[in-house]
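Per the working numbering: the sequence shown = residues 29 to 294. Working notes for the structure below.
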Amino acid sequence: MPPGQKIRILVVDDSAVMRSLLRSVISTDSSLDIAGVAADGESALRMIETLRPDLVLLDVEMPVMDGLMTLRQMRARNLRLPVIMCSALTQRGARVTIEALASGASDYVAKPSNQLGPAVAIQNLAHELLPKIFALTNRSLPTAPLATQLCIGSQRALLAGAPTPLNQAITATPSVVVIGISTGGPAALDVLLPAFPANFPLPILVVQHMPELFTRLLAERLHERCPLAVREAATGDPVRPGTIYIARGNWHMEMLTPKPRIGGVT
C-alpha cells in the first residue's frame with residue numbers, strides 16, 4: 029500500500045460485543061481505519077463491492093450467511109482481498125476455520141475468552157491481530173500467499189527431482205522431509221501434501237503455527253485428502269516412512285535417533 033495511506037478494514041461479526049472489541053483494537057493504531065461494519069455475510073458481500081476495503085475481518089459463525097460461505101462467495105466473485113477469520117476456540121469453530129484457511133482465507137485469530145476483562149481482551153487481541161493485518165496488507169502478491177507459492181515450488185522440485193533453487197548438488201541421502209509453515213500454511217498443505225504418492229519412502233514432519241485443537245482437526249482433514257497417512261504427532265511416536273506427522277499446537281517437535289550400541293550397552 030502507498031505510504032501514509034490508511035488500511036481500511038471491513039468488520040463482519042454478528043456479535044455486537046465482538047464488533048465493539050474489534051473497533052477498540054483497530055482504533056489503537058492510527059494507520060488503521062474501519063471502512064464499515066456488517067452483521068452477516070450477505071451484508072458483507074454488498075459492502076465489499078461498494079466500500080472496497082483493504083482487508084476483511086470475518087466471523088466464522090453468523091446467521092443468514094456464515095463466514096465459510098461468505099469467503100467462498102468472495103473467491104467465486106474474484107474478490108481477492110485478504111481475509112482474517114475470527115474463530116471461537118471450539119470444536120466447530122476450529123473445524124470451520126480449517127476449512128476456511130484451506131479455501132483461501134489468509135489467516136485467523138482466536139476470539140478472546142469470556143473470562144478476560146475488556147482491557148486484557150483488547151490488549152491480547154491487538155497483540156495477535158495487528159501484526160497479521162500489517163503483514164497481509166503490505167505483501168506484494170495478496171492474491172497468492174507467499175507460503176503457498178514457496179511450498180508449491182518446493183513440491184515440484186521434490187517430487188520431480190529438480191535441482192534446488194541454488195543448483196546445489198545433494199550429496200547425502202535424505203532420511204526425512206521437514207516442513208515449517210505459518211501464514212498461508214493450511215492452503216499450501218492442502219495443495220502440497222495430497223501430491224505425495226502413496227509409496228513415498230520418507231516420513232514427513234510438519235510444524236504449522238496454530239493452537240492445539242486446530243492441529244488435530246488439520247491432521248484429520250489432511251488424512252482424508254492424502255494418499256499417505258496423516259496424524260497429529262504424539263510423544264514417543266515411531267517415525268515411520270510414508271507417514272505425515274503434524275506437530276501438536278503449542279508444542280515443539282523433536283525427532284530422536286537411537287543411540288548406537290557399544291559393547292551391548294545402549
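Just so it is clear, CB atoms sit at the ideal spot from N, CA and C, and this is done for glycine as well.
What number of angstroms, rounded off, separates the C-alpha of L256 from the C-alpha of G132? 23 angstroms
Could you compute how far the alpha carbon of R80 sits from the alpha carbon of V206? Computed Cα separation, rounded: 39 angstroms.
Comparing the C-beta of L117 with each C-beta of chain B, is any distance below 8 angstroms? The chain inventory of the structure shown lacks chain B, comprising one protein chain alone.
Provide the residue span of the beta strand (DSSP E) that contains R276, from first to last. Per DSSP, R276 belongs to no beta strand (DSSP E) and is neither H nor E.
Would you kindly report the start and end of the unbroken beta strand (DSSP E) that includes S115? V111 to S115
Neighbour-count burial assignment, Q236, 16 or more Cβ in a 10 Å radius: buried
Cα-Cα separation between A128 and T201, rounded to whole angstroms: 37 angstroms
In its own chain, which residues sit with a C-beta less than 6 angstroms from the C-beta of A67, not counting the 5 before and 5 after it? D42
With the cut-off set at 8 angstroms, would you say L38 and A72 are in Cβ contact? yes
From P91 to V148, what does the alpha carbon distance come to, in whole angstroms? About 28 angstroms.
The alpha helix (DSSP H) that contains R74, what's its start and end? G69 to L79
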